[in-house]
Structure formats: C-alpha cells, structure tokens
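Visitor:
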Amino acid sequence: MLIGKEEVIDLFKTGDLIIYSTHGVCRIDDISDKTVAGETKSYYTLHPINNSQKLQISIPVDNDNVMMLTLLEADEASEILESFRSPGVEWNPHSNNRNREFLNVVHSGNRHEIAQVVNTLSRRHIEALQANKKLYEQDRKILENAKTILVKELSLALERSESDIERQIGEYLHESMATPTP
Numbered sequence: 005m006l007i008g009k010e011e012v013i014d015l016f017k018t019g020d021l022i023i024y025s026t027h028g029v030c031r032i033d034d035i036s037d038k039t040v041a042g043e044t045k046s047y048y049t050l051h052p053i054n055n056s057q058k059l060q061i062s063i064p065v066d067n068d069n070v071m072m073l074t075l076l077e078a079d080e081a082s083e084i085l086e087s088f089r090s091p092g093v094e095w096n097p098h099s100n101n102r103n104r105e106f107l108n109v110v111h112s113g114n115r116h117e118i119a120q121v122v123n124t125l126s127r128r129h130i131e132a133l134q135a136n137k138k139l140y141e142q143d144r145k146i147l148e149n150a151k152t153i154l155v156k157e158l159s160l161a162l163e164r165s166e167s168d169i170e171r172q173i174g175e176y177l178h179e180s181m182a183t184p185t186p
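Residue 148 in the working numbering is what sits at position 144 of the sequence shown, and the numbering runs on without skipping anything.
(1) Going by the beta-carbon positions, is the gap between Ile53 and Arg31 smaller than 8 angstroms?
(2) Once the 5 residues before and after Tyr176 are set aside, which same chain residues still bring their CB inside 6 angstroms of it?
(3) Is it the case that the segment 77–97 contacts the segment 62–69, given that we only count it when at least three CB pairs across the two stretches are under 8 angstroms?
(4) Consult DSSP for Gly45 and reduce its assignment to one of helix, strand or coil.
(5) Leu75 and Ile130: beta carbons closer than 8 angstroms?
(6) Between which two residues does the alpha helix (DSSP H) containing Leu147 stretch?
(7) In whole angstroms, what is the alpha-carbon distance linking Leu147 and Ile35?
(8) Across which residues does DSSP place Lys38 in a beta bridge pair?
(9) Could you name the residues of the same chain whose beta carbon sits closer than 7 angstroms to that of Val109, not counting the 5 residues immediately before and after it, in chain order?
(10) By how many angstroms is the C-alpha of His27 removed from the C-alpha of His51?
(11) Starting from the N-terminal side, write out each stretch of the alpha helix (DSSP H) that is 4 residues or longer and does not extend beyond the segment 85–117.
(12) Span of the beta strand (DSSP E) holding Met72?
(13) What first and last residue would you give for the alpha helix (DSSP H) that runs through Ser167?
(14) Whole-angstrom Cβ separation of Leu158 and Ala81, contact assumed at under 8 angstroms?
(15) For my contact list, Glu163 and Val155 are in at a C-beta cut-off of 8 angstroms; report their separation, rounded to the angstrom.
(16) Out of Lys38, Gln60 and Ala161, which has the shortest C-alpha to C-alpha gap to Arg115?
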C-alpha cells in the first residue's frame, strides 16, 4: 500500500466492518491504490451495510479528518447498553449550545458518550410525548441519527437483532424513569 512514498501497514482489511463517520456501520470492500490529480494513494472502498441506494465511499487510507473505528467488542457493548439505566447527561436549556455539544460528542466517536447523549435525548423525547409535545427538531435529528448507528453497532457486537436492542433500551429507560431519584 502506498501513502505518498512510504509503505504503511493497513489498519483495516477487506471485509472488515467499521464505523465510518456519520454513515454508520460500513463494510470495507476493497483497499487499492488510486491516482487522483497526479498523486497515488491507498484508498478504502466501503459501503454502508444498511444501504438501499448502493452508496459506495472511497476514502484515502491516510485521511485523518474522517472518523473510522473498529466495531465494539461484546463486553463494551453490554456496558453501553446497561448505561441506559442511568440518567444520561445534564440537559443544557440553550438549544444552540446543547446541539453543538451533542454534535461534538457524536463526531468524537466515543460510544459511551454517544450513548449518554442518546439516553438523554430519548428521555426528553419520552417526556415530550407524555406531555403531548414534540422534541425540538434539531434534538430529534441528532437522536435519530446517533441512535440508528449505535443500535446497529450494539446489535452486531451482541449478536442480537436491532429490534431487540431497541426494546432493551426502551425497557431500561422506562424502568429508570419510573423509579424516583433520591
């Protein structure tokens, strides 16, 4: 594999499942050298596994601006799932600041922190529904996107269906919301 003029060891292999930026779980279909604008580099070719449009992504192996992470191990996935029993993160009442904070967490790739954002937004969504209200649109979008990716990854790591993971999260949320805090 080429990166500029140096040989490197690939972080990922063809066939690996990874988390790629906001596209979620992707499979690496190929790793090959391509020449673009006269410069030859190694590129990953990947596609999101929930991909109805047959989207294919080509990204330089040495691109530091894009988050590419290995999938969670089962024990870490279990910890993250259990974290939905806790109250989540503190709610910032200023929507612009809150959204910026939450998006920074989502873009960080830290699944424990992402789970806490999903946890908090899920609780707010439940509370809004109970009050016949709607969640603020920006919050709803962050919740929807982050939860979709997180649930898919937990499902793969724990070898359970996505609907089973969503059901479990819902149970933990409802149990902890029904229990008065001291």
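In this text, a Cβ means the ideal position worked out from N, Cα and C, and glycines have one as well.
Guide: Considering the structure as presented:
(1) Residue numbering aside, residue 53 sits at position 49 when the sequence shown is read from its first letter. Residue numbering aside, residue 31 sits at position 27 when the sequence shown is read from its first letter. A contact, by the Cβ cut-off of 8 angstroms.
(2) What you label residue 176 is simply residue 172 of the sequence shown in a count that begins at 1. Around Tyr176: Phe88 and Arg89.
(3) no
(4) One-based indexing of the sequence shown puts residue 45 at position 41. Gly is not the amino acid found at residue 45; the sequence shown has Lys there. Strand.
(5) Counted from its first residue, the sequence shown places residue 75 at position 71. Counted from its first residue, the sequence shown places residue 130 at position 126. No, they are not a contact pair.
(6) As a position in the sequence shown, residue 147 is number 143, starting the count at 1. It spans Glu141 to Leu162 - the alpha helix (DSSP H) in which Leu147 sits, taken as one unbroken run.
(7) To locate residue 147, count along the sequence shown from 1; it is residue 143. To locate residue 35, count along the sequence shown from 1; it is residue 31. Using only the alpha carbons, I get a separation of about 33 angstroms.
(8) Here residue 38 refers to the residue found at position 34 of the sequence shown. DSSP output for Lys38 lists Lys45 as bridge partner(s).
(9) As a first step, residue 109 must be located in the sequence shown, where it is residue number 105. For Val109, where only same-chain residues beyond five positions count, the Cβ hits under 7 angstroms are Glu117, Ile118 and Val121.
(10) Start at 1 with the first residue of the sequence shown, and residue 51 comes out as number 47. Start at 1 with the first residue of the sequence shown, and residue 27 comes out as number 23. Each residue's alpha carbon lies about 9 angstroms from the other.
(11) 99–112
(12) For the purposes of this step, residue 72 is identified with residue 68 of the sequence shown, where counting begins at 1. First-last of the beta strand (DSSP E) with Met72: Met72 to Thr74.
(13) Against the sequence shown, residue 167 aligns to sequence position 163. Ser167 -> alpha helix (DSSP H) spans Glu166 to Ala182.
(14) For the purposes of this step, residue 158 is taken as residue 154 along the sequence shown, with counting starting at 1. For the purposes of this step, residue 81 is taken as residue 77 along the sequence shown, with counting starting at 1. Yes, Leu158 and Ala81 are in contact; Cβ-Cβ is about 5 angstroms, under 8 angstroms.
(15) Taking the first residue of the sequence shown as 1, we reach residue 163 at position 159. Taking the first residue of the sequence shown as 1, we reach residue 155 at position 151. About 14 angstroms separates the two Cβ atoms, so there is no contact after all.
(16) As a position in the sequence shown, residue 115 is number 111, starting the count at 1. Cα-wise, what sits closest to Arg115 is Ala161.
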